[in-house]
Structure formats: C-alpha cells, structure tokens
Amino acid sequence: MKRKLATYTLAACSLSLSGPLFATSLDVNVKDAQGNALADAAVYVEPLDGSFPARPKPAEIEQKNRKFMPLMTVIQTGSEIAFPNNDTVRHHVYSFSPAKPFELKLYSGTPGNPVLFDKPGTVVIGCNIHDRMVAYIQVVNTPYFGKTNETGKVRISDLPAGKYRLKAWHPQLLSGATMPEPEIAISKQDVAVSIALSPAADNKPH
Ligand SMILES: [Cu+2]
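Be aware that the sequence shown starts at 1, since it is given in this note's numbering, and climbs by one per residue.
Rendered as structure tokens:
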C-alpha cells in the first residue's frame with residue numbers, strides 16, 4: 001500500500017511541472033550586415049516584467065599564448081571573473097569601460113581576488129604590455145543569456161513563459177553599427193529568431 005501512495009505523489013509532482021512552470025527554448029541566429037554568420041555575439045533576453053532570479057556564476061578569462069580566452073564572456077550582474085595568467089610572460093590586465101574600470105597590475109599566475117562585475121554594460125579589457133590582447137565582457141541584467149557559435153547560432157534554454165526583450169552585443173557594434181531589439185513572447189513552443197547588424201550610419205552606401 002505504501003508503495004502505491006508514493007507513485008501517486010510522483011505523478012502529481014510531474015503534472016504541476018508541465019503547468020505554469022513550463023519552460024522552453026529560444027534559438028537565435030545572429031548575422032552581420034552582409035548576412036554572414038556572426039560568432040561571439042552576446043545574446044540575452046530581459047523579462048519585460050523585470051522579474052528574474054539572481055544566479056551569479058563565477059567565470060574565468062585566462063591568458064594563454066598572449067591572448068585572452070575566451071574572446072567574449074557573458075555574465076549576469078553580480079558575477080565574478082578570475083583572470084589566471086597561464087603564460088610564462090607577465091600581463092597587466094585593465095579596463096577603462098564605465099561599467100567596470102579596473103586594473104590587475106603586472107602579474108604571473110593567478111591574481112589574488114577575482115573581479116566583481118556589479119553593473120550591467122560592456123567591458124573591454126586589454127593588457128598594458130601586449131597591445132593586441134583584447135577581450136569583451138557583456139554584463140547583463142538577466143540570467144537568460146548565451147553567445148553565438150561559429151555558425152552564428154545560440155540556444156537559450158529553460159526560459160519561463162512570458163514576454164522578453166531580445167538584445168545582442170558584438171564587438172562590431174563599437175564602430176557605431178546597431179542591432180535590433182525585438183520583443184518576443186515565450187509560451188509553450190520553442191521560438192526561433194534571426195537578427196542582423198545594421199551598418200553604422202556613415203558607412204551606408206549613397
Ligand atoms: Cu600581456
């Protein structure tokens with residue numbers, strides 16, 4: 001008898017999960033102004049009602065072969081990033097970006113404390129010693145984000161039903177290009193959206 005009761009409880013539990021908590025996936029395809037797939041675009045959706053769970057997760061940007069890896073990192077506001085130096089040369093990591101100005105003075109190995117990113121926005125980091133080193137951090141006010149792969153695609157999973165603003169950021173936007181920010185509705189079906197960069201105003205053909 002006891003065994004049977006347990007089975008009923010389990011069934012009731014899975015039923016409620018497919019109700020209001022139903023979550024689905026959003027597939028986003030990002031292209032440049034010429035229609036080519038755009039890799040390393042930060043893609044995120046902000047719930048229009050402003051409610052979302054805070055799920056800050058630590059991230060890492062390593063320095064290897066005089067490069068930052070990865071090139072693009074997306075994190076929720078309130079997350080920390082560690083900057084381990086896995087090269088034999090020393091690096092001096094800095095940012096002048098308003099969302100997070102900081103510097104980690106010349107070091108090798110792992111610096112003492114990770115850096116906390118407590119404001120949303122774009123953070124461009126460089127190295128004082130090696131001018132070519134660059135990486136981008138998009139700090140977003142939402143736990144629902146990802147970045148595009150080599151084919152310009154990203155899937156954001158476990159999205160609760162609701163209305164969202166879809167946003168994307170890519171280094172090409174630094175030159176004045178723009179990206180549309182469509183409103184999307186997530187209900188009980190997976191959604192696919194395509195967005196494309198528009199060229200900067202002064203680059204448009206006449
Ligand atoms: Cu360096």
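Built from N, CA and C at the ideal position, the CB exists for glycine as well. Note that the structure is predicted; figures quoted are calculated from it, not measured.
Buried versus exposed call for residue i [16 or more other C-beta atoms within 10 Å across all chains shown]
i	result
residue 96	exposed
residue 163	exposed
residue 197	buried
residue 179	buried
residue 183	exposed
residue 11	Legend: pLDDT at residue 11 = 41, less than 50; position of this residue unreliable, value from coordinates given subsequently. Residue 11 is exposed by the Cβ-count criterion.
residue 69	exposed
residue 189	exposed
residue 129	exposed
residue 104	buried
residue 40	buried
Cβ-based neighbour list, residue i, same chain, cut-off 6 Å, excluding 5 preceding and 5 following
i	result
residue 146	43, 154 and 156
residue 45	144, 164 and 166
residue 84	62 and 110
Proximal residues to residue i (C-beta, below 8 Å), its chain only, five neighbours per side dropped
i	result
residue 35	196
residue 49	162 and 163
residue 201	176
Cβ-heavy atom distance, residue i to ligand 1, below 7 Å
i	result
residue 69	no
residue 61	no
residue 125	no
residue 156	no
residue 170	no
residue 165	no
residue 66	yes
residue 72	no
Own chain partners of residue i with C-beta closer than 7 Å, once the 5 adjacent residues on each side are dropped
i	result
residue 171	136
residue 53	143
Extent of the continuous beta strand (DSSP E) run through residue i
i	result
residue 106	102-107
residue 130	First-last for residue 130: undefined, no H or E at that position.
residue 27	23-31
residue 67	67-69
residue 155	153-160
residue 73	72-76
residue 115	115-117
residue 195	191-196
residue 145	145-147
Distance between beta carbons of residue j and residue i, contact taken as under 8 Å
i	j	result
residue 74	residue 127	21 Å between Cβ atoms; not a contact.
residue 90	residue 107	6 Å
residue 33	residue 177	7 Å
residue 134	residue 124	7 Å
residue 159	residue 24	6 Å
residue 71	residue 152	That pair is no contact at about 15 Å.
Any C-beta of chain C under 8 Å from that of residue i
i	result
residue 181	No chain C is present in this structure, which holds just one protein chain.
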